[in-house]
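Inspection log for the structure reproduced underneath, given as structure tokens.
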Amino acid sequence: MISFDIVLLWLDLIGVFFFAVSGSLLAARKQFDFVGSILLASIAALGGGVIRDIVINAGPPIAFTNPAYLAPPLLAALLVYYLFSSVQRFTSLLTLFDAGGLALFCITGTLKAISAGMNPVAAILLGVTTGVGGGLLRDITANEIPTLFNNRDIYALPAFVGAGLTTLLWHLGLFSGLTACVIAGVVFTFRVTAWRRGWYVPLAVRGWHRAGTGGGAISGARD
Amino acid sequence: MISFDIVLLWLDLIGVFFFAVSGSLLAARKQFDFVGSILLASIAALGGGVIRDIVINAGPPIAFTNPAYLAPPLLAALLVYYLFSSVQRFTSLLTLFDAGGLALFCITGTLKAISAGMNPVAAILLGVTTGVGGGLLRDITANEIPTLFNNRDIYALPAFVGAGLTTLLWHLGLFSGLTACVIAGVVFTFRVTAWRRGWYVPLAVRGWHRAGTGGGAISGARD
Amino acid sequence: MISFDIVLLWLDLIGVFFFAVSGSLLAARKQFDFVGSILLASIAALGGGVIRDIVINAGPPIAFTNPAYLAPPLLAALLVYYLFSSVQRFTSLLTLFDAGGLALFCITGTLKAISAGMNPVAAILLGVTTGVGGGLLRDITANEIPTLFNNRDIYALPAFVGAGLTTLLWHLGLFSGLTACVIAGVVFTFRVTAWRRGWYVPLAVRGWHRAGTGGGAISGARD
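Residue numbers (the UniProt record's numbering), protein chains in the order written: chain A, 1 to 223; chain B, 1 to 223; chain C, 1 to 223.
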């Protein structure tokens, strides 16, 4: 029988791979070189988990101690190097891989915080931080306005939903490999649907509107 | 009788609120949405303390473990959402709230470092880091040149004064709620006066002058 | 007889000084003021080591606890303030000092990781992180595209070579003050030669070329 820790490790590594691809794709768009592609893949893929492990404060981050975490960024940089010229739909691909990483990381981050004995609110916060942290570091490092703050998209809310559901199901004793997949599916679908259909939340000040849009909140299709 | 820890917690929470408002105001100016406003408020408000707690290395940062620290960013984002359209003096407000946070954080950051057993120099450094860290992360995240490096303003010096006075009075046995308020007043007044009167320090190279100004150092009024 | 720890401390402090000068030079170019020059020197000089110590997670970072680490940034800011107007070759100087810091930090960072009991792969990663971290934080803080991702230069590879050689020689029992100097010389020479001769690695996507260049990889002189 497969242990829970092994499942968690694999979910985490798949999330690492998804974010690594998003980093290499951004490196390609920014015309970085191949070494820069590996580095930006590593920052995107491992940054959220490193912040999580530093906050939990229980020894060196797993990204440094377990060499398995280095394989996904290398693989991602190679895939983008060899395959990207034939798959040019850059923004869509980046968003889909980023959403996959977000869906897995808000779950694994929350679980690691719970395992470390943190309270439910802290576990949710840390799950969200793990989910959005790598993408935030990726965008800051590449000198872009972070996707997290792009007002045309809903990005942090799906992470909150995922971290909240994980914490809830855990404390109800209902968390399992199956429910983890359901949560990941919900988060991924929420994020991608919001992106495709142009859902958004109101601006930071009541009564202000987006430039070039006349619509209300949570409505309208992406132009 | 109110314990010293309670006073310290409240001073810290008020500082958190001040920086949170500065974050939400910047989110408003950058046209971020309401969720982005909460997130930038959280980064500005909690970033300095999280860095401080990670450096002290004595368990997870308090911003993650004590849910009370989440209230100020939510409150700040709501206040800016409902009230800002009627109070449009953006830059002044942001600078005043930022100065309030700076004044309180350089004190509470220094005290936490002293409590953790760090030496006086480390306590001053950590107080300054706590004071300027949140604003620095806020500006970097929002892709702005950090206020800390804006050469028209004196920003870090007041934090050094506050952290230095706190360390000095503590080691003389004169630190109390009253002297804490005096220090906060000195730091706030120094920062705001420097901003209003356009005080500045020389540029990084001797003999170089600011574009468009002919004046010497620490002189001249804001145009 | 001089102990190994003393040699390591001095190598580290000299690396700190080199990166501090690079920070003050960038502050000069960005027209920051003298306080900003001290702060950017500190971020460039101490940032990599602070990240390293936080990742190792064995107490507060040495940059906070040992006041000796504050001297190099102050000295660097003073030197740039008084001497820079007569030495105007900005980019060359910054690159040379940055390369010196890189050469020393990838060695000392690796050694500290080994001393902390981390595995060889983690030691190499942490050496590279220490070497490139300060410069990365310096460039992000100053709102520049990081040198690390500048596709005209080879920057991370020399750090990998230095960290790899340090780990290898250590485990072979051949690491000494002499071999440390040899490694530092190799890293510095590799980095500076790559910069002067315009060596580069391929872009992140196969078949894509740099704007304005027709050449292959690792060839051609800087125009």
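All residues carry an ideal CB built from backbone N, CA and C; glycine is no exception.
Open item on the list: Suppose only complete runs of 4+ residues qualify. What are the alpha helix (DSSP H) ranges in the UniProt domain "Glycine transporter" (96-170) of chain A, listed by chain order?
Closed with: 120-141
- [ ] For Val80(C), decide whether its Cβ has a neighbour in chain B, counting only Cβ atoms nearer than 8 Å.
- [x] The sequence position of residue 80(C) within the third sequence is 80, counting from 1. Yes, its Cβ sits closer than 8 Å to a Cβ of chain B.
Task: Chain-ordered chain A contacts of Leu126(C) [CB-CB under 7 Å] - done: Residue numbering aside, residue 126(C) sits at position 126 when the third sequence is read from its first letter. Under the 7 Å cutoff, chain A gives Phe64.
Task: Spatially closest choice to Ile14(C) from Phe64(C), Leu39(C), Pro73(C), by CA coordinates - done: Taking the third sequence and counting its residues from 1, one reaches residue 14(C) at position 14. Ranking Phe64(C), Leu39(C), Pro73(C) by Cα distance to Ile14(C) puts Pro73(C) first.
Open item on the list: Taking DSSP's pairing of strands, which residues face Leu203(B) in a bridge?
Closed with: Position 203 of the second sequence, counted from the start, is the residue given in the question as residue 203(B). The partner list for Leu203(B) (beta bridge, DSSP) reads Asp33(C).
TODO: Compare the C-beta of Val205(B) with all C-beta atoms of chain C and state if any pair is closer than 8 Å.
DONE: Residue 205(B) sits at position 205 when you count from the first residue of the second sequence. Interface residue, yes.
- [ ] Classify Tyr82(C) as buried or exposed, calling it buried when 16 or more other Cβ atoms lie within 10 Å of its own Cβ.
- [x] Position 82 of the third sequence, counted from the first residue, corresponds to residue 82(C). Classification of Tyr82(C): exposed, given that the 10 Å Cβ count is below 16.
Task: Under 9 Å from the C-beta of Val201(B): neighbouring residues of chain C - done: In the second sequence, counting from the first residue as 1, residue 201(B) sits at position 201. Here the neighbours are Asp33, Phe34, Val35, Gly36.
Task: First through last residue of the alpha helix (DSSP H) which encompasses Trp195(C) - done: As a working note, residue 195(C) is residue 195 in the third sequence. 177-197 is the extent of the alpha helix (DSSP H) around Trp195(C).
TODO: Under 7 Å between beta-carbons, which chain B residues line up against Phe84(C)? List them in chain order, please.
DONE: Within the third sequence, the letter at position 84 stands for residue 84(C). Per Cβ cutoff of 7 Å: Val205.
Open item on the list: As a quick exercise: from Ala99(C), Val182(C), Gly177(C), Ala41(C), pick the residue whose alpha carbon is nearest that of Val132(C).
Closed with: Your numbering for residue 132(C) matches position 132 in the third sequence. Comparing Cα positions, the closest option is Ala99(C).
TODO: List the residues of chain C whose Cβ lies closer than 7 Å to the Cβ of Pro146(B), in chain order.
DONE: Locating residue 146(B) in the second sequence gives position 146, where the first residue counts as 1. Simply Thr141.
- [ ] Keeping to the same chain, check which residues put their C-beta closer than 7 Å to that of Phe188(A); ignore five residues upstream and five downstream.
- [x] Along the first sequence, read from residue 1 onward, the residue named residue 188(A) stands at position 188. Result list for Phe188(A): Ala99, Gly100, Ala103, in chain order.
Task: Helix, strand or coil at Trp208(C) according to DSSP, with G and I counted as helix - done: As a first step, residue 208(C) is located in the third sequence; it is residue number 208 there, counting from the start. It is coil, neither helix nor strand.
Task: Nearest neighbour of Gly59(C), chosen from Phe64(B), Asp53(B), Phe160(B) [CA to CA] - done: Looking up residue 59(C) in the third sequence gives position 59. Gly59(C) has its Cα closest to that of Asp53(B), out of Phe64(B), Asp53(B), Phe160(B).
Open item on the list: The alpha helix (DSSP H) that contains Tyr82(C), what's its start and end?
Closed with: Against the third sequence, residue 82(C) aligns to sequence position 82. Element bounds for Tyr82(C): 71-83.
Task: alpha helix (DSSP H) segment containing Ala63(B), residue limits - done: Position 63 of the second sequence, counted from the first residue, corresponds to residue 63(B). Run containing Ala63(B): 62-65, per the alpha helix (DSSP H) assignment.
Open item on the list: Taking 8 Å as the cut-off, does the region 38-48 of chain C touch the region 144-161 of chain B (at least 3 CB pairs, one atom from each stretch)?
Closed with: yes
TODO: Taking Phe64(A) and Leu125(C) to be in contact with their CB atoms under 8 Å, please state how far apart those CB atoms are, rounded to whole angstroms.
DONE: Numbered from its first residue, the first sequence carries residue 64(A) at position 64. Numbered from its first residue, the third sequence carries residue 125(C) at position 125. That pair is a contact at about 6 Å.
TODO: Would you mind working out which of Gly109(C), Leu8(C), Lys30(C), Leu96(C) sits nearest Ile145(B), comparing C-alpha positions?
DONE: Here residue 145(B) refers to the residue found at position 145 when the second sequence is read from its first residue. When each option's Cα is compared against that of Ile145(B), the closest is Lys30(C).
Task: Simplified DSSP assignment, three categories, for Asp12(B) - done: Taking the second sequence and counting its residues from 1, the one referred to as residue 12(B) is at position 12. Helix at Asp12(B).
TODO: Could you list the residues in the region 148-176 of chain B with a C-beta less than 7 Å from some C-beta on chain C, going in chain order?
DONE: Leu148, Phe149, Asn151, Ala156, Leu157
Task: Closer than 8 Å to chain A by CB, Arg222(C) - done: Residue 222(C) sits at position 222 when you count from the first residue of the third sequence. For Arg222(C), the predicted model reports a pLDDT of 32, less than 50, meaning its position is unreliable; a value from the coordinates is still stated below. False, the Cβ-Cβ gap to chain A never drops below 8 Å.
Open item on the list: So with CB distances below 9 Å, who are the chain A contacts of Asn57(B)?
Closed with: As a position in the second sequence, residue 57(B) is number 57, starting the count at 1. By Cβ distance, chain A contributes Asn57.
Task: Pairwise C-alpha distance: Phe149(A) and Thr147(C) - done: By one-based count along the third sequence, residue 147(C) stands at place 147. By one-based count along the first sequence, residue 149(A) stands at place 149. If I take the Cα positions, the gap works out to 25 Å.
Task: Alpha-carbon to alpha-carbon, Val80(B) and Val192(B) - done: Residue numbering aside, residue 192(B) sits at position 192 when the second sequence is read from its first letter. Residue numbering aside, residue 80(B) sits at position 80 when the second sequence is read from its first letter. Taking the straight line joining both Cα atoms gives about 22 Å.
Task: Beta-carbon neighbours of Val121(C), restricted to chain A and to distances below 8 Å - done: Looking up residue 121(C) in the third sequence gives position 121. Simply Pro67, Leu70.
Task: C-beta neighbour in chain A for residue 226(C), strict 8 Å - done: The question about residue 226(C) has no answer here: the residues shown for chain C are numbered 1 through 223.
Open item on the list: Taking the straight line between their C-alpha atoms, what separation do you get for Thr110(A) and Ile43(B)?
Closed with: Here residue 110(A) is taken as the residue at index 110 of the first sequence, counted from 1. Here residue 43(B) is taken as the residue at index 43 of the second sequence, counted from 1. If you take the alpha carbons of Thr110(A) and Ile43(B), they lie about 19 Å apart.
Open item on the list: Cβ closer than 7 Å: which chain A residues qualify as neighbours of Ser24(B)?
Closed with: Reading the second sequence from its first residue, position 24 is the one you call residue 24(B). Neighbours of Ser24(B) on chain A, chain order: Ala204.
- [ ] Report the neighbours of Ala28(C) on chain B: residues whose CB is nearer than 8 Å to its CB, in chain order.
- [x] Here residue 28(C) refers to the residue found at position 28 when the third sequence is read from its first residue. Simply Leu203, Ala204, Val205, Trp208.
TODO: Take Leu137(B) and list the residues in its own chain whose beta-carbon comes closer than 6 Å to its own, dropping the five residues that flank it on each side.
DONE: If you number the second sequence from 1, residue 137(B) lands on position 137. Within the same chain, Leu137(B) has close Cβ partners Ile43, Gly47.
Open item on the list: Does any residue of chain C have a CB that is nearer than 8 Å to the CB of Leu9(A)?
Closed with: Within the first sequence, numbered from 1, the residue matching residue 9(A) stands at position 9. No - not a single Cβ of chain C is within 8 Å of the one on Leu9(A).
Task: Pairwise C-alpha distance: Phe190(A) and Arg197(A) - done: On the first sequence, position 197 is the one that residue 197(A) refers to. On the first sequence, position 190 is the one that residue 190(A) refers to. Spanning the two alpha carbons is a distance of roughly 10 Å.
Open item on the list: Please report the distance separating the alpha-carbon of Val21(A) from that of Ala142(A).
Closed with: Here residue 21(A) corresponds to residue number 21 of the first sequence, with the count starting at 1. Here residue 142(A) corresponds to residue number 142 of the first sequence, with the count starting at 1. Cα to Cα, Val21(A) sits roughly 15 Å from Ala142(A).
Task: CA-to-CA distance, Cys106(A) to Trp10(A), given in whole angstroms - done: Translated into positions along the first sequence, residue 10(A) becomes position 10. Translated into positions along the first sequence, residue 106(A) becomes position 106. If I take the Cα positions, the gap works out to 14 Å.
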